[in-house]
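Chemist:
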Amino acid sequence: MNFKVKAYITYKDGILEPQGKAIEHSLSLLDIKEYSKFRVGKYITLNVTSNDEKEAREKADYICNEFLINPNIETFEYKIEQVKE
Amino acid sequence: MAFGVVQFPGTNCDHDCFHVVHDVLEQETFFLWHGDHALPSEFTNNPEKSVIILPGGFSYGDYLRCGSLASHSPLIKNIKEFAGSGGRIIGICNGFQILAEAGMLPGTLIMNTTLRFICKNVYLKVINNDSPFTSKYQINEVINMPIAHKEGSFYIEDEGLERLRENGQIAFHYCNVNGEVSPESNPNGSVDNIAGIFNKDKNVLGMMPHPERLSEKLFIDRIDGILLFKSLVTTK
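So the protein lines, in turn, are chains Z and V. Numbering-wise (our numbering), the first sequence opens with residue 734 and increments by one. Numbering-wise (our numbering), the second sequence opens with residue 212 and increments by one.
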């Protein structure tokens, strides 16, 4: 079976996230005050083959933990759906 | 002593490093390709008498995270075994990022707090000279070296920092010309002004500054970087 994984990777709370900080600074120069706490992350999609959804989730956890994030500074969550053949 | 300079796609300081150890210090030097699955016998037969350099650059274009894709290169497995056998490894700039991503050094290199690429000479204080990399420096010696990076801010959690201090793993602090370590002398926001660290056994060093760029008297007389490579050549 084929599954599509949509992974969102973000910096952990408390770690300086520079792009979000830059966006806030840019808005402040325009005197726009209603928006705050921008955090920029990554959105990565991938396909994975497996026997069932449980196994697909285990494989998604593996690739996120081992490749897609640095666990010192990042965390992840994902949505998973079966790809109709 | 055999030196190996690892080349990843996007590495660009490899030839500078090769020049210092091969042409200036006249050591047997090899280029090592990241995609190989074995090290030459000069490294596996005698790991304690050989050194591997992970040079600076932009391996894999810094894609995903600096050093992350390079840390999964086939040769990294052999480099880890080499370190385990007592071989010496120095990671410079992107090389430091790769070692951190590979888990061979603690901590992570993240974006400079200034959000800018910084290219300038800085002062470093030598904190620990009890290593094959720093034996030719004096403790608390203030040395001069260039940095050139955007993601060079060293981050580690409090417990990790405490372990670095307890084990004597901090190699260099950013400081000013008088050796004062302060926020003002910190170019990139690194925790505790850390510019370089050792692993626990002190046979692996990662540092953001470029010693290979101050190792030959070309336009200036001060060549503080050469002492690091001379330390490696002479320390048993």
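Just so you know, even glycine gets a beta-carbon here, dropped at the ideal spot from N, CA and C.
Can you give the Cα-Cα distance for Z/Gln752 and Z/Arg772, rounded to whole angstroms?
Modeler: Approximately 7 Å, taken between the alpha carbons.
Chemist: Rounded to whole angstroms, what is the Cα-Cα separation between V/Phe440 and V/Glu373?
Modeler: Roughly 29 Å between the two C-alpha positions.
Chemist: Could you check where the alpha helix (DSSP H) with V/Ala311 kicks off and where it finishes?
Modeler: Counting along the chain, the alpha helix (DSSP H) containing V/Ala311 begins and ends at Asn305 to Glu312.
Chemist: Quick one: what's V/Gly417 bridged to in DSSP?
Modeler: Answer is V/Gly302 and V/Ile408.
Chemist: If we define contact as Cβ-Cβ less than 8 Å, is Z/Ala755 a contact residue for chain V?
Modeler: For Z/Ala755, the answer is yes, since a Cβ of chain V falls inside 8 Å of its Cβ.
Chemist: To the nearest angstrom, how far is it from the Cα of V/Val232 to the Cα of V/Asn339?
Modeler: Going from the Cα of V/Val232 to the Cα of V/Asn339 covers about 23 Å.
Chemist: Anything in chain V within Cβ reach of Z/Leu749, meaning under 9 Å, just list it in chain order.
Modeler: Neighbours of Z/Leu749 on chain V, chain order: Ile321, Met322, Thr324, Ser364, Tyr366 and Gly400.
Chemist: What's the C-alpha gap between V/Asn410 and V/Pro317?
Modeler: Distance between the alpha carbons of V/Asn410 and V/Pro317 is about 8 Å.
Chemist: Taking C-alpha atoms, which residue in Z/Asn803, Z/Arg790, Z/Ser759 and Z/Asp785 lies nearest to Z/Gly774?
Modeler: Among Z/Asn803, Z/Arg790, Z/Ser759 and Z/Asp785, the Cα nearest to that of Z/Gly774 belongs to Z/Asn803.
Chemist: Going along chain Z in order, which residues have a C-beta closer than 7 Å to the C-beta of V/Ser284?
Modeler: The contacting residues do not exist; V/Ser284 stays about 13 Å from chain Z at best.
Chemist: Give the secondary structure of V/Tyr348 by DSSP, where H, G and I count as helix, E and B as strand, and everything else as coil.
Modeler: Three-state result, V/Tyr348: coil.
Chemist: Using beta carbons (cut-off 8 Å, strictly below), is Z/Asn798 in contact with chain V?
Modeler: It does not; no Cβ of chain V falls within 8 Å.
Chemist: Say whether chain Z places a C-beta atom closer than 8 Å to the C-beta of V/Ser279.
Modeler: Chain Z, which has a Cβ nearer than 8 Å to the Cβ of V/Ser279, makes this yes.
Chemist: For chain V, is any of its Cβ atoms less than 8 Å away from the one on Z/Asn780?
Modeler: Output row for Z/Asn780: interface = no.
Chemist: Measure the CB-CB distance between V/Val444 and V/Leu280 and report whether it falls below 8 Å.
Modeler: No, these two residues do not count as a Cβ contact at 8 Å.
Chemist: Quick check on this structure: which residue in V/Thr324, V/Ile321, V/Thr255 and V/Phe269 has the alpha carbon closest to the alpha carbon of V/Ile290?
Modeler: Among V/Thr324, V/Ile321, V/Thr255 and V/Phe269, the Cα nearest to that of V/Ile290 belongs to V/Thr255.
Chemist: Which residue marks the beginning of the beta strand (DSSP E) containing Z/Ala742, and which one marks its end?
Modeler: Note that residue 742 of chain Z is Ile in the sequence shown here, rather than Ala. Its beta strand (DSSP E) spans residues Asn735 to Tyr744.
Chemist: Express the C-alpha separation of V/Gln380 and V/Leu250 in angstroms, rounding to a whole number.
Modeler: The straight-line gap from Cα to Cα measures roughly 27 Å.
Chemist: For V/Tyr334, which beta-bridge partners are listed by DSSP?
Modeler: In DSSP, V/Tyr334 forms a bridge with V/Asn355 and V/Cys386.
Chemist: In chain order, which alpha helix (DSSP H) runs of at least 4 residues are fully inside the stretch 764-813 of chain Z?
Modeler: 786-796, all fully within the stretch 764-813 of chain Z.
Chemist: For V/Lys336, which residues of its own chain have a beta-carbon under 7 Å away from its beta-carbon, when the five flanking residues on both sides are left out?
Modeler: Excluding sequence neighbours, V/Lys336 sits near Asn351, Val353, Phe383, His384, Cys386, Gly390 and Val392.
Chemist: Whether or not the stretch 268-285 of chain V and the stretch 305-312 of chain V are in contact is what I'm after, with contact meaning three or more pairs of Cβ atoms, one per stretch, closer than 8 Å; do they touch?
Modeler: Yes, the stretch 305-312 of chain V touches the stretch 268-285 of chain V.
Chemist: Within 10 angstroms of its Cβ, does V/Phe430 collect 16 or more other Cβ (buried), or is it exposed?
Modeler: The residue in question, V/Phe430, is exposed, as its Cβ has fewer than 16 Cβ neighbours within 10 Å.
Chemist: Could you give the DSSP three-state label for V/Leu265: helix, strand or coil?
Modeler: In the structure shown, V/Leu265 sits in a strand (DSSP, three-state: E or B).
Chemist: Are the CB atoms of V/Phe344 and V/Leu416 nearer to each other than 8 Å?
Modeler: Cβ atoms of V/Phe344 and V/Leu416: closer than 8 Å.
Chemist: Please state whether DSSP places V/Ser364 in a helix, a strand or coil.
Modeler: Residue state, collapsed to three classes: strand.
Chemist: Quick one: grab the DSSP three-state call for V/Thr222.
Modeler: Strand at V/Thr222.
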